[in-house]
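Q: In the numbering used here, the protein residues as written are 2 to 710.
1) Excluding five sequence neighbours on each side, which residues of the same chain lie with their C-beta closer than 8 Å to the C-beta of residue 681?
2) Below 8 Å on the Cβ atoms is my guess for residue 208 versus residue 269; work out the distance and round it to an integer in Å.
3) May I have a chain-ordered list of the alpha helix (DSSP H) segments no shorter than 4 residues that lie completely inside the stretch 510-570?
4) Figure out for me which residue from 487, 643, 111 and 255 has the closest Cα to the Cα of residue 293.
5) Any chance the stretch 96-110 sits against the stretch 151-171, with 3 or more Cβ pairs inside 8 Å?
6) From the DSSP output, which residues share a beta bridge with residue 342?
7) In the structure shown, what three-state DSSP assignment does residue 199 receive?
8) In terms of residues, what are the limits of the beta strand (DSSP E) holding residue 181?
9) So, under 8 Å CB-CB, residue 488 and residue 455 are touching, yes? Tell me the CB distance rounded to an integer number of Å.
10) List, from N- to C-terminal side, the alpha helix (DSSP H) runs of 4 residues or more that fit wholly inside the stretch 52-92.
11) Could you please give the first and the last residue of the uninterrupted alpha helix (DSSP H) stretch that includes residue 648?
12) The beta strand (DSSP E) that contains residue 206, what's its start and end?
13) Grab me the residues of residue 635's own chain with a C-beta within less than 7 Å of its C-beta, minus the 5 sequence neighbours each way, in chain order.
14) Please state whether DSSP places residue 299 in a helix, a strand or coil.
15) Is residue 79 near the ligand COA, with its Cβ less than 6 Å from a heavy atom?
16) Report the three-state DSSP secondary structure of residue 114 (helix, strand or coil).
17) For residue 650, does the count of other Cβ atoms within 10 angstroms reach 16, so buried, or fall short, so exposed?
18) Could you check which residue in 33, 374 and 343 has the C-alpha nearest to that of residue 364?
19) Relative to the alpha-carbon of residue 257, which residue among 186, 371, 312 and 322 has its alpha-carbon at the smallest distance?
20) Per DSSP, residue 359 is paired with what?
21) Using a 10 Å radius around the Cβ and a threshold of 16 neighbouring Cβ atoms, would you call residue 556 buried or exposed?
22) What are the boundary residues of the alpha helix (DSSP H) that includes residue 264?
23) Taking only the alpha-carbon atoms, compute the straight-line gap between residue 341 and residue 349 and give it to the nearest angstrom.
24) How would you label residue 262, buried or exposed, when you count the other beta carbons within 10 angstroms and need 16 or more for buried?
25) Going by DSSP, what residue range makes up the alpha helix (DSSP H) through residue 28?
26) Assign residue 408 to one of two classes, buried (16 or more other C-beta atoms within 10 Å of its C-beta) or exposed (fewer than that).
27) Taking just the CA atoms, how far does residue 472 sit from residue 523?
28) Could you check if residue 464 is buried or exposed, using at least 16 other CB atoms within 10 Å of its CB as the buried criterion?
29) In chain order, what residues of the same chain lie with their CB nearer than 8 Å to the CB of residue 696, ignoring the 5 residues before and after it?
30) Cβ of residue 58 within 7 Å of Cβ of residue 82?
31) In three-state DSSP terms, what is residue 17?
32) Can you tell me which of 676, 657 and 673 puts its alpha carbon nearest to the alpha carbon of residue 694?
33) Would you kindly report the start and end of the unbroken alpha helix (DSSP H) that includes residue 164?
34) Quick one, are the C-beta atoms of residue 1 and residue 613 less than 7 Å apart?
35) Which one or two residues does DSSP pair with residue 246 in a beta bridge?
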């Protein structure tokens, strides 16, 4: 079958190449109606918009390229279009030896052609080559009807009366990149469907199967968006973005994603792009802009390129004309729960005044991503410490150790406090999605006055009185209601009324369904009710809702350990360690201890020993870690080092009789297996085992003494 020629509408091709504007094409088409003897390209050349040779090339030569073997260098096609001459080609070839740039990039840098023109030639020549390779015998002839369809689509988008053209092009741009999006049934969606560029199927909007990607490409979208936003075009020229990036409009989009049009930050970032960044290739816009923002603005922000603005904003935030405590309370609440309903309070109004937050309808959010990254949870913690505003800490109810042959993290949560699970008592205002750092910060800093009496009673472990005090409160804000039910749940826990605890924690999740803290509370209640599978689901919901909540990862790890899922428990404990690595406290000790116990279970005593040492570095003489370290040393055959640790465990812990028997058995076997066995000490230890344990297996082992080895 003979190949046919692809015929493209000249005006559309010239627009896509960045050589003429839509308005110029419209004028030329109108004049052609009056002067039918002139071709469209001739009219444009008479106006001086393009040369006659350029018009002839795109009218006559360009449509025939699909029938030819494309083996010429780029410069020759540009020369044929009268866009570059021999002298310029020679100059660029000489410059390539120095700058190592590709021919097209050099031509753009020299100002010979625009980036849009270069993109057009590269994309279209590559598309033709691909088409020839994939369909060598099937190049379609474009009919007059198809030409009319192209004009209809473009006119519908540009001159639409239902929606702004920019809105339509942005939506089409999004669909082009994502291939399909959720249908919203908006006017813009309906208008775009009417063009035939996209279709709706099963509540999804996707590119039409027969879409002409050759003409309605990403370059075409970008050119239209730039033309629709004159200020964007000015920015592209002013900061040389047309020679700094393959797709300068996408650079504008990524800059806005970070600055949200904040004037100082936006201008500063464009300056950085102009002065410091090299060429940004296609599809690397987000990565490159992110690197620039972090390197030149966020990292060491108080001395970096945007320091004057950020330091001034920091000063305004920390030296307000209103109460600092309540101001930081409001800021943190917005950070963790955004978008948050706007409250016409002095705190919200001041944050709006200094520009740290923005109002969107009746909701507020942090004004931009740079502010969110700079004034983060760690920064807030530092400010709180600096202003010495510590108000309150956590307390935990005491429980007996569970019966177990080997120590687990359930044995101890803090020295002399043998809680099976960490009691995550929220004594202060909190909201959905608070991370570990954020939670610690809130517990130290924020307190609602009307909660104080109830919280004090809870902290003093006067649980019945605390419950009665909570019952007398009638908070109106969801976050306060959420807090009330959480604290009430932990009060029930102190009374060991776990069914009531579960109901309270359930109420907290019904108020704020994505509250990781409330799900953690439910998980604890279910754990005590021994409904372990549901408890695991609750802890997983907590970690899914907020992956930064270290306390939930610890509890999840402990439960997985109890269920015998040691590898999963190890993974969860390591995640907790990542979140708690800067906190040398009881929670860090618990996480490292859990890691050690799991490593013992999977027969990795050397790695377990390191984990127990890290737990003891967090909290010296942490009982469970001392026991774990002793067992790890025992498994490694280091009996002399294990013996004093087992003695320490027996001396310092109020162990139940079966647990004491197990430790005495370990100790006895250490005496048996040292290089110089201490049989008398071993026999005394075996006698202790028989005295303390009713377990027949342990009794048998103890009676045989050192001979059982």
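All residues carry an ideal CB built from backbone N, CA and C; glycine is no exception.
A: So, from the data block:
1) none
2) 37 Å between Cβ atoms; not a contact.
3) 517-529, 533-546 and 551-563
4) 255
5) no
6) 364
7) strand
8) 181-183
9) 7 Å
10) 53-57 and 75-81
11) 640-653
12) 205-208
13) 643, 667 and 671
14) helix
15) In the structure shown, the ligand COA is absent, as is every other ligand, since no ligand is present at all.
16) coil
17) buried
18) 343
19) 371
20) 366
21) buried
22) 264-277
23) 11 Å
24) exposed
25) 23-35
26) Because the pLDDT of residue 408 is 28, which lies under 50, any placement of that residue in the model is unreliable, and the question is left without a value.
27) 20 Å
28) buried
29) 659 and 662
30) yes
31) helix
32) 657
33) No alpha helix (DSSP H) contains residue 164, which DSSP labels as neither H nor E.
34) Given that the chain is displayed from residue 2 to residue 710, the structure contains no residue 1 and the question cannot be resolved.
35) 281
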